[in-house]
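S.K.: Here you go, one structure.
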Amino acid sequence: MGGTWRRRAAPAAPLALALVLLAATGCDGTPDARPEPTAAPSAPVPRVCDRPAPGPAKAPAGAVTVDPAVTGDLAAKTRSSPPGTTFWLRPGTHRLGPDRYAQIVPKEGNTYLGAPGAVLDGRTTNQYAFGGAARDVTLRHLTVRGFVAPHDEGVVNHDSADGWVIEHTTIRNNTGAGLMAGARQRVRASCLRDNGQYGMNAYKAGDRITGLVVEGNEITGNNTGDWERKRPGCGCTGGIKFWAVDGADVRGNWVHDNRGAGLWADTNNNDFRIEDNVLEANDGAALIYETSYNAVVRGNTIRRNNWVEGRRYADRGDTFPFATVYVSESGGEPRVPARTDRIEIHRNVLEDNWSGITLWENADRFCNSPANTSSGDCTLLVKDTARCAQPGIAAAPLHSDCRWKTQRVDIHHNRFLLDKSVVDCADRCDRMAVLANYGTYPDWSPYQGERVAEAITHGQDNRWHDNVYVGAWKFVAHDPSRVLDRGQWQGAPYRQDAGSTFRTRDGG
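Residue numbers (the numbering used here): 78 to 585.
This is the structure in structure tokens:
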């Protein structure tokens with residue numbers, strides 16, 4: 078966010094909701110202060126980092142036992158055993174060979190089980206823990222730490238193989254991403270903590286990821302490398318980043334205290350269900366859904382997010398409504414098959430975040446545009462990027478299909494609560510918004526002037542309704558200069574939040 082109001086980087090190759098008002102804590106008031114690590118909220122959360130489920134104390138029948146006293150024992154026994162073997166790692170610290178590329182390369186159907194206290198340690202020497210293309214590999218009850226994957230690469234499932242199951246596993250204190258993802262991957266009841274860039278990077282070179290499940294995990298403290306400062310505007314950090322994932326269920330997770338965004342879906346994702354999560358105290362947005370399609374966001378508790386990044390930009394005088402739920406060039410599209418044909422954001426509680434929900438559309442984000450920060454990609458409606466040029470782009474269907482659009486977003490039956498004394502702000506932390514920038518380039522672009530701003534504000538079926546507001550909220554429409562009060566927001570020509578209720582919090 079910033080500049081043209083969005084940053085973005087391409088990847089390198091390589092609990093039902095309790096509708097309660099949650100207790101909030103303060104911050105120390107300095108501009109870049111991070112909130113103190115979050116205590117468990119009133120809504121139920123999976124505290125799997127502090128309370129990991131223990132693995133089997135004895136080797137299961139038929140399992141190959143791995144000795145931590147023998148360096149490289151796990152890799153060697155994997156090589157010498159047939160596919161489908163179960164390996165039981167004894168208690169203790171297991172190590173690979175001294176070469177930085179030393180790693181375990183599973184065979185199809187292998188299972189790796191850790192005994193209580195079993196740790197696989199990369200000793201800040203090895204880059205990868207588990208790699209290769211084998212499908213249907215399972216990891217359970219194992220701690221993986223101390224690996225030094227390069228930027229944008231991952232430690233576990235380095236090569237994004239399909240069908241992996243990661244359960245009751247702790248992946249922490251690694252560089253790069255703790256975990257990559259392939260199709261049909263299941264990540265359950267695991268701890269993704271204090272990794273250098275991402276907890277998980279759901280990216281597969283040259284292919285889409287389908288059928289991804291992320292359930293009941295604790296995802297915290299990631300981006301210890303603070304990559305947004307090292308590479309300003311890179312858009313390359315967060316708890317989890319999703320790229321070109323078609324079908325994801327992200328439910329019942331505790332995503333907190335990450336440096337950057339909590340969850341970030343970026344570029345041609347589709348068919349997400351993000352539900353019953355607790356997203357809190359992340360430095361940036363709780364959720365970014367960017368240049369993507371068709372999602373349901375429901376039943377989530379979202380609190381105390383975006384205090385660091387929102388404040389940072391406000392202190393610079395940036396008037397953009399930096400949001401805790403940020404929908405950027407993303408919308409419902411019936412022509413892209415999914416379980417919904419909208420983006421529906423409902424039955425969530427958002428409390429004491431830096432601003433609420435922003436729907437944004439950048440007029441530069443169209444296929445074949447030199448101004449497009451998603452260079453090389455095109456929408457899911459156009460397979461040949463070269464078609465998005467004059468004269469074809471000026472007429473239907475390409476005029477619509479070549480542009481990622483924020484459309485068919487339905488925001489309803491949410492609770493938005495804001496106490497500025499908790500957030501420690503006087504202004505610019507109180508916004509809901511639907512807007513775009515002015516014009517674009519090159520001169521052949523058909524999206525000049527206010528066309529995109531008019532479309533997202535009035536013509537693309539983006540609606541707030543039947544919500545509850547507590548606190549002194551403001552609203553932004555069309556462009557950052559149009560800051561509205563409740564009456565203007567509900568009145569013509571915007572007519573938003575029909576059926577909603579508003580109450581100014583005492584002292585708010």
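Backbone N, C-alpha and C define an ideal beta-carbon position, used for all residues, glycine too.
Where Ala463 and Thr517 are concerned, what is the direct C-alpha to C-alpha distance, given to the nearest angstrom?
M.R.: Indexing the sequence shown from 1 puts residue 463 at position 386. Indexing the sequence shown from 1 puts residue 517 at position 440. C-alpha separation (whole angstroms): 19 Å.
S.K.: On the criterion of 16 or more Cβ atoms from any shown chain inside 10 Å, does Gly298 qualify as buried, or is it exposed?
M.R.: Walking along the sequence shown from the start, residue 298 turns up at place 221. Buried, since its Cβ has 16 or more Cβ neighbours within 10 Å.
S.K.: Please report the Cβ distance between Arg270 and Glu244, rounded to the nearest whole angstrom; I am assuming they are in contact, meaning their Cβ atoms lie under 8 Å.
M.R.: Locating residue 270 in the sequence shown gives position 193, where the first residue counts as 1. Locating residue 244 in the sequence shown gives position 167, where the first residue counts as 1. At roughly 16 Å, the Cβ-Cβ gap does not stay under 8 Å, so Arg270 and Glu244 are not in contact.
S.K.: On the three-pair Cβ rule with 8 Å, is the region 478-487 touching the region 440-460?
M.R.: With a cut-off of 8 Å, the region 440-460 and the region 478-487 count as touching, because enough Cβ pairs lie within range.
S.K.: To test your reading of the DSSP string, which unbroken alpha helix (DSSP H) runs of 4 or more residues are found completely within the region 278-332?
M.R.: Counting only runs of 4 or more, we get 304-307.
S.K.: Around the Cβ of Lys318, are there at least 16 other Cβ atoms within 10 angstroms (buried) or fewer (exposed)?
M.R.: The residue given as residue 318 occupies position 241 in the sequence shown. Under this definition Lys318 is a buried residue.
S.K.: Name the one or two DSSP bridge partners that Lys551 has.
M.R.: Counting from 1 along the sequence shown, the entry for residue 551 is found at position 474. Arg508, per the DSSP bridge assignment.
S.K.: Taking all protein chains shown into account, do 16 or more other C-beta atoms lie within 10 angstroms of the C-beta of Arg442, making it buried, or fewer, making it exposed?
M.R.: In the sequence shown, the residue the question calls residue 442 occupies position 365. Label assigned to Arg442: buried.
S.K.: Return the bridge partner residues of Glu438 from the DSSP annotation.
M.R.: Mapped onto the sequence shown, residue 438 falls at position 361. The partner list for Glu438 (beta bridge, DSSP) reads Ala513.
S.K.: Give the DSSP-derived three-state secondary structure of Ala254 in the structure shown.
M.R.: Position 177 of the sequence shown holds residue 254. Ala254: strand per DSSP, three-state reduction.
S.K.: Please work out which residues of its chain come closer than 6 Å, Cβ to Cβ, to Phe164, disregarding the five sequence neighbours upstream and downstream, and give them in chain order.
M.R.: For the purposes of this step, residue 164 is identified with residue 87 of the sequence shown, where counting begins at 1. Excluding sequence neighbours, Phe164 sits near Val141, Val143, Tyr189.
S.K.: What are the start and end residues of each continuous alpha helix (DSSP H) run of 4 or more residues lying completely inside the region 143-229, in chain order?
M.R.: Within the region 143-229, the complete alpha helix (DSSP H) runs of at least 4 residues are 150-157.
S.K.: Measure the C-alpha to C-alpha separation of Asp326 and Ile365 and round it to an integer number of angstroms.
M.R.: As a working note, residue 326 is residue 249 in the sequence shown. As a working note, residue 365 is residue 288 in the sequence shown. Computed Cα separation, rounded: 16 Å.
S.K.: Whole angstroms are fine: how far does the CA of Thr287 sit from the CA of Pro112?
M.R.: Here residue 112 is taken as the residue at index 35 of the sequence shown, counted from 1. Here residue 287 is taken as the residue at index 210 of the sequence shown, counted from 1. Here the model assigns Pro112 a pLDDT of 45, short of 50, so the residue's position is not dependable, and the following value carries that caveat. When rounded, the distance between both Cα atoms is 35 Å.
S.K.: Per the contact definition of three or more C-beta pairs closer than 8 Å, is the region 351-369 in contact with the region 383-399?
M.R.: In short, these stretches touch, since the Cβ pair count reaches three.
S.K.: Once the 5 residues before and after Leu457 are set aside, which same chain residues still bring their CB inside 6 Å of it?
M.R.: Position 380 of the sequence shown, counted from the start, is the residue given in the question as residue 457. Excluding sequence neighbours, Leu457 sits near Asn345, Val413.
S.K.: Looking only at its own chain, which residues have a Cβ that is under 8 Å from the Cβ of Ala195, when we skip the five neighbours before and after it?
M.R.: Looking up residue 195 in the sequence shown gives position 118. Gly132, Pro145, Leu166, Arg167, Pro168, Gly169, His171, His218, Leu219, Thr220.
S.K.: Have a look at Ala575, Gly453, Gln525 and flag the residue whose alpha-carbon is nearest the alpha-carbon of Asn439.
M.R.: The residue labelled residue 439 in the question sits at position 362 within the sequence shown. Nearest C-alpha to Asn439: Gln525.
S.K.: Contact check, Thr314 vs Tyr275 under 8 Å by CB: the rounded distance?
M.R.: Along the sequence shown, one-based indexing puts residue 314 at 237. Along the sequence shown, one-based indexing puts residue 275 at 198. Indeed, because the Cβ distance is near 7 Å, the residues count as touching under 8 Å.
S.K.: The beta strand (DSSP E) spanning Trp541 covers which residue range?
M.R.: Taking the first residue of the sequence shown as 1, we reach residue 541 at position 464. Segment 540-542, the beta strand (DSSP E) holding Trp541.
S.K.: What did DSSP end up calling Trp241 once you bin it into helix, strand or coil?
M.R.: Here residue 241 refers to the residue found at position 164 when the sequence shown is read from its first residue. If DSSP states are grouped into helix, strand and coil, Trp241 belongs with coil.
S.K.: Look at the alpha carbon of Val529 and the alpha carbon of Trp437, and state the distance between them as a whole number of angstroms.
M.R.: Locating residue 529 in the sequence shown gives position 452, counting from the first residue. Locating residue 437 in the sequence shown gives position 360, counting from the first residue. Roughly 10 Å separates the two Cα atoms.
S.K.: Going by other Cβ atoms of all chains shown within 10 Å of its Cβ, with 16 needed for buried, is Glu531 buried or exposed?
M.R.: The residue you call residue 531 lines up with position 454 of the sequence shown. The residue is exposed, with fewer than 16 neighbouring Cβ atoms inside 10 Å.
S.K.: I need the boundaries of the alpha helix (DSSP H) containing Leu475, first residue and last residue.
M.R.: The count along the sequence shown starts at 1 and reaches residue 475 at position 398. Element bounds for Leu475: 475-478.
S.K.: Does the ligand MG have a heavy atom nearer than 7 Å to the CB of Gln467?
M.R.: Here there are no bound small molecules, and the ligand MG is not part of this structure.
S.K.: Taking all protein chains shown into account, decide if Gln467 is buried (16 or more other Cβ within 10 angstroms of its Cβ) or exposed.
M.R.: Mapped onto the sequence shown, residue 467 falls at position 390. So Gln467 counts as exposed.
S.K.: Among Val182, Arg375, Gly469, Phe349, which one has its Cα closest to the Cα of Arg416?
M.R.: The residue given as residue 416 occupies position 339 in the sequence shown. Closest by alpha carbon: Phe349.
S.K.: If Ala152 sits next to Ala179, beta carbons under 8 Å apart, how far is it from one beta carbon to the other, in whole angstroms?
M.R.: Along the sequence shown, read from residue 1 onward, the residue named residue 152 stands at position 75. Along the sequence shown, read from residue 1 onward, the residue named residue 179 stands at position 102. Yes, Ala152 and Ala179 are in contact; Cβ-Cβ is about 7 Å, under 8 Å.
S.K.: Reducing DSSP to helix, strand and coil, say where Thr578 ends up.
M.R.: One-based indexing of the sequence shown puts residue 578 at position 501. It is a strand residue.
S.K.: To the nearest angstrom, report how far apart Glu292 and Gly329 are at their CA atoms.
M.R.: The residue labelled residue 292 in the question sits at position 215 within the sequence shown. The residue labelled residue 329 in the question sits at position 252 within the sequence shown. In a straight line, the C-alpha of Glu292 is about 6 Å away from that of Gly329.
S.K.: So Glu421 is in the beta strand (DSSP E); what residue range does that whole segment cover?
M.R.: Numbered from 1 along the sequence shown, position 344 holds the residue referred to as residue 421. Counting along the chain, the beta strand (DSSP E) containing Glu421 begins and ends at 420-423.
S.K.: Determine which residues share a DSSP beta bridge with Tyr366 and list them.
M.R.: The count along the sequence shown starts at 1 and reaches residue 366 at position 289. Answer by DSSP bridge pairing, in chain order: Ala342, Val404.
S.K.: Can the beta-carbon of Gly302 be found closer than 8 Å to that of Gly316?
M.R.: As a working mapping, residue 302 is identified with position 225 in the sequence shown. As a working mapping, residue 316 is identified with position 239 in the sequence shown. It is not a contact, given that the beta carbons lie outside the stated cut-off.
S.K.: Please state if the CB of Val547 and the CB of Arg572 are separated by a distance shorter than 8 Å.
M.R.: Working through the sequence shown from its first residue, we reach residue 572 at position 495. Working through the sequence shown from its first residue, we reach residue 547 at position 470. Not closer than 8 Å, so no.
S.K.: Please state whether the Cβ-Cβ distance between Asn272 and Asn294 is less than 8 Å.
M.R.: Residue numbering aside, residue 272 sits at position 195 when the sequence shown is read from its first letter. Residue numbering aside, residue 294 sits at position 217 when the sequence shown is read from its first letter. Contact: no.
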